[in-house]
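Everything below concerns the one structure shown next.
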Amino acid sequence: MHVSLTPELESRIKAKVDSGLYNNASEVIREALRFMDTHEDWIHEVKLARLREQLKVGTDQLDCGDGIAIESKAALDTLFDDITR
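Per the working numbering, the very first residue in the sequence shown carries number 503; after that it's consecutive.
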């Protein structure tokens, strides 16, 4: 299996190997995957908590009247275009 990594990730893996804690990049990747498997529920809860925080900000803004009324598909498309620029 071949995996493409960003230069930053390659650098982080190399640093772990250079630290002497791991013999090679494969060990670093295996350990990271084991960590993810072991902490999968916790990671999910952290992501869910972050999403809830973002939703709370949005609903608070709507409650304060800071929302934007979208009355057509064209208006929604324009909003998305503005957001992605």
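Ideal Cβ placement from N, Cα and C applies to all residues, glycine included.
Given the structure is predicted, the values throughout are model-derived calculations rather than measurements.
Tell me, to the nearest whole angstrom, how far the beta carbon of TYR524 is from that of LYS516; I am working on the premise that it is less than 8 Å. No, TYR524 and LYS516 are not in contact; Cβ-Cβ is about 10 Å, not under 8 Å.
Just reading off the alpha helix (DSSP H) that LEU553 is part of, what are its end residues? 542 to 565
Indicate the three-state DSSP secondary structure (helix, strand or coil) for GLU573 in the structure shown. coil
With distance defined between alpha-carbon atoms, name the residue in GLY522, ALA527, LEU535 and HIS504 nearest to SER513. ALA527
If you draw a straight line from the alpha carbon of LEU557 to that of LEU550, how long is it in whole angstroms? 10 Å
Measure the C-alpha to C-alpha separation of VAL530 and THR586 and round it to an integer number of angstroms. 36 Å
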